[in-house]
Amino acid sequence: MREELYIYMLAKFTGADKKYELKEIVKVKSFIKETYDNENWVIWYEKYRVLIEKEFNTERYSELLLEAEEKKLLSYSDKKSFLYSLAGIAKSKNLSSEKKISDSDYTAIINIAKDLKIEPISADAVIESVFGITETFIGIIGVFCIGITLFFTKTLFIPLFLAFFLSRVIIKGGEIISNFVFKNKIKGLSSFLSFILVYAIIIFILIAGIIATTNTINDLPKYKEKFTLLLDKTISTVSKVTDIGIKGSEDALKKMGELPLLNLIKPFFSGLMNAFSVFGYFLLIIILSAYFVFAKSGQNNSEMDEIDAKLTSYVSVKFIVSILTSISFYLILTAFGLDFALFWAFLAFIFNFIPAIGSIFATAFPVLFALLVFSPIKVMIIAIILTVIENFVGNYLEPVLFGKKMELKPITVMWGLMLWGIIWGIPGMFLSAPLMALIKIIGENYSFSKKISKYL
């Protein structure tokens with residue numbers, strides 16, 4: 236049904252001036268082939284040819300529009316994307332030095348925008364972005380300026396974005412409570428209950444994390460002898476097949492201290508401690524998130540509402556999945572009798588917010604510690620179970636809950652991790668996933684960044 240509506244709109248647009256130029260037809264054919272990426276595109280192209288060469292069925296077109304609106308088959312971004320494509324088709328046959336759109340094409344696009352319930356001024360902005368470079372240029376300069384601003388104002392923006400993302404979780408929780416408890420009534424109370432519940436969970440996680448971290452630090456010296464024995468055994472085994480020039484564990488630790496790598500590790504842990512300084516902003520975060528949840532803008536903007544809905548879904552699922560991963564780690568490690576299970580579970584919750592490498596750290600730390608107290612077979616079993624959990628969450632559960640449209644490409648995840656790590660340090664690494672998702676969502680809704688967003 237959606238495909239047929241697109242075909243009718245293409246026919247209506249190209250048939251507006253009753254002049255079917257070759258460049259225009261070729262561009263339409265390319266659009267159909269790209270949109271219907273299978274053998275059916277030939278069928279739809281033939282249907283399009285029939286519509287422009289024979290009588291255009293106005294009644295059927297009206298039925299398709301009505302059905303699409305009732306079933307909400309087209310999102311606001313889908314509609315703008317289609318208008319962007321129509322403007323591109325118009326540009327293909329207007330290759331003069333001035334590159335101005337003809338009056339007939341402009342009117343046709345505006346009329347189709349009205350059919351799609353899009354304001355003419357928004358449609359005009361789409362046309363302008365295709366026939367000029369102003370919007371693109373402003374966008375590039377804007378991104379650069381925003382990056383510089385974020386770098387020098389990290390103290391302000393880190394708690395601001397934390398509060399904003401947490402507010403999305405609270406809003407989603409309020410929607411769930413409203414739907415299943417109050418049957419879509421008393422939405423204000425639902426939001427308040429969600430606010431209390433989310434922060435109760437966060438406070439519990441923070442307190443548990445502080446207690447677990449303190450206990451772990453206090454008890455770790457007990458394992459120094461076991462660690463030394465394991466290191467000696469490892470060095471002895473490796474020395475039999477290689478010539479590393481290390482006599483024992485003391486010599487190994489001394490040489491490790493001489494490595495430049497240690498100078499790279501120290502800032503990491505220093506940054507990690509700085510990340511925990513966010514507790515000092517906790518009251519500010521609570522106030523800001525309360526504002527984001529309960530403040531009413533008083534405006535109805537379908538475009539911004541769609542962006543907010545996608546981001547709310549993404550951040551909420553990420554938060555819930557992190558909790559589930561943490562609980563799974565705690566139960567598994569407790570079942571195996573590994574010490575500091577609560578601490579490893581806390582790390583799993585924290586590291587799950589770091590894309591790509593976070594799951595590696597979350598799994599590696601408890602497995603390495605298990606080598607000190609368990610047999611190799613038992614350690615291997617623990618490693619396999621934890622790896623399966625992380626892979627299930629990362630490769631199956633998250634994509635299913637987010638939806639394919641929200642998936643970020645692996646290269647995007649890695650670039651985002653490095654970019655936000657440079658701008659905001661360790662806190663930026665934790666926030667990189669939702670921040671890149673926000674950039675992708677916004678990019679999909681604006682013409683100048685639409686092509687770039689496809690690569691994210």
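236 is the number of the first residue of the sequence shown in this note's numbering; add one for each residue after it.
Cβ coordinates follow ideal geometry from the N, Cα and C atoms, glycine included.
Bear in mind the structure is a predicted one, so any value in this text is a computation, not a measurement.
In the three-state reduction of the DSSP assignment, Leu573 falls in the coil class. Around the Cβ of Thr293, a 10 Å sphere holds fewer than 16 other Cβ atoms; the residue is exposed. At the C-beta level, Phe366 and Ile405 stay beyond 8 Å of one another.
Between the stretch 557-564 and the stretch 582-599, the count of Cβ pairs shorter than 8 Å is three or higher; the stretches touch. An exposed status is given to Ser297, since fewer than 16 other beta-carbon atoms sit within 10 Å of its beta-carbon. Counting only unbroken stretches of 4 or more residues, the alpha helix (DSSP H) elements lying wholly within the stretch 293-357 are 293-306, 311-327 and 338-350, in sequence order.
For Tyr280, the CB contacts under 7 Å within the same chain, skipping 5 residues up- and downstream, are Lys264 and Ile267 in chain order. In terms of CA proximity to Ser426, Glu410 leads the group Glu410, Phe596 and Phe665.
In the structure shown, Gly660 falls within a helical segment according to DSSP collapsed to helix, strand and coil. Within the same chain, Ala510, Ile585, Phe588 and Ile589 come within 8 Å of Phe665 by CB-CB distance, once the 5 residues on both sides are set aside. For the pair Asp359 and Gly382, the Cα-to-Cα distance works out to about 29 Å.
For Glu259 and Ser310, the gap between their C-alpha atoms comes out near 26 Å. In this structure, the straight-line span from the alpha carbon of Trp659 to that of Ile437 is close to 22 Å.
Ser610 sits in coil when the DSSP states are folded into three classes, being neither helix nor strand.
Taking the Cα of Asp454 as reference, the smallest distance to any Cα among Ala398, Lys389, Glu354 and Asp574 is reached at Asp574.
Here the C-alpha atom of Val602 lies approximately 10 Å from the C-alpha atom of Pro611. By the neighbour-count criterion, in which a residue is buried when 16 or more other Cβ atoms sit within 10 angstroms of its Cβ, Ala597 is buried.
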